[in-house]
Structures are given as structure tokens and as C-alpha cells.
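Numbering-wise (UniProt numbering), the sequence shown opens with residue 1 and increments by one.
Glycine included, C-beta positions come from ideal geometry on N, C-alpha and C.
Keep in mind it's a predicted model, so treat the numbers as computed, not measured.
First comes the structure, then the notes that go with it.
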Amino acid sequence: MTSERKATFMEWPHPDSAACNVDSLSSAGFVKIPSTFDSVRCVFCRKELEGFDAEDDPFKEHSSHCPNCPFVIAQFPELENFPMNKLSDFLSDICTFQLNAYCAERTTTIKSLIKDVDKKIAEIERDMKKKHK
1 MTSERKATFM EWPHPDSAAC NVDSLSSAGF VKIPSTFDSV RCVFCRKELE GFDAEDDPFK
61 EHSSHCPNCP FVIAQFPELE NFPMNKLSDF LSDICTFQLN AYCAERTTTI KSLIKDVDKK
121 IAEIERDMKK KHK
């Protein structure tokens, strides 16, 4: 899997000699977001990061920006060598994490829509009261 992630970094601004190189980024779970200069996304938690300096440590950056990522919690395993008895739990953790993030995002959107509808209802009620005076 790391090699597939690494293949997404066709153009990366920092050299292989830098701490923030293609190998360390792909090992930290990231793929490069197409059509961006230095934006990456974790394939496990979907966290997006950008603005890397050459000396940044992708593992530390990932851990600090998304400490609840299942890949971070599992301490960045090489999935090719991951024990089968733990793989199922790990994949379940990823699904749970992504589902919870999706639900939280949708809940925020729905709450915002409800506020908008409540405002519109209040406007209509005010207009109706004005017309019936």
C-alpha cells in the first residue's frame, strides 16, 4: 500500500534528502492531492494538510493534527506486515472513524439548515402578522 501512496507524489517540492520527503509522507499514510502544490490527505482518516516545510516530520504532523486517526493510533503499521488477527479490528476502526466524521459533518449541515428554516418561518410569521393588522 505504501508504494501506491508514494506513486501519487509525482511532483513534490522537497527533495528526498529532506525530512518531509515522498517516502516519509507515504509511510505516514498520506497521498498527494492532485492539482495542488503540497497538499496531502490521509487515506485512513481523510485529514488534509498543507504548507509542509522541508524539515517537517510527516508522522509528527499527522499525529498532532489528527491524533484519533486509526493509522496514528496503530502507530503507522506497514499493512503488508500487519497481523491478520489485528487487521479486521484496524479496518473496523477506520470505518467507524470515517462514519463518525461523516455523521458529524452532516449533523452540522442539518443544524445550519434548521436554523435557516427557523429564520424563514419567523420572517413569514412576521409578514403574516403585518398583513392581518
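Phe30: first and last residue of the uninterrupted beta strand (DSSP E) it sits in | Phe30 to Lys32
If you drop the 5 nearest sequence neighbours on each side, which residues of the same chain put their C-beta closer than 6 Å to that of Lys32?
-> Thr8, Phe9 and Val40
Please state whether DSSP places Glu125 in a helix, a strand or coil.
-> helix
Write down the C-beta distance between Phe37 and Pro13 rounded to the nearest angstrom, noting that I regard them as a contact closer than 8 Å.
-> 6 Å
In angstroms, rounded to a whole number, what distance separates the CA positions of Val72 and His62?
-> 7 Å
Buried versus exposed call for Lys111 [16 or more other C-beta atoms within 10 Å across all chains shown] | exposed
From the DSSP output, in three-state form, read off Val40 for me.
-> strand
If you draw a straight line from the C-alpha of Arg46 to the C-alpha of Arg106, how long is it?
-> 16 Å
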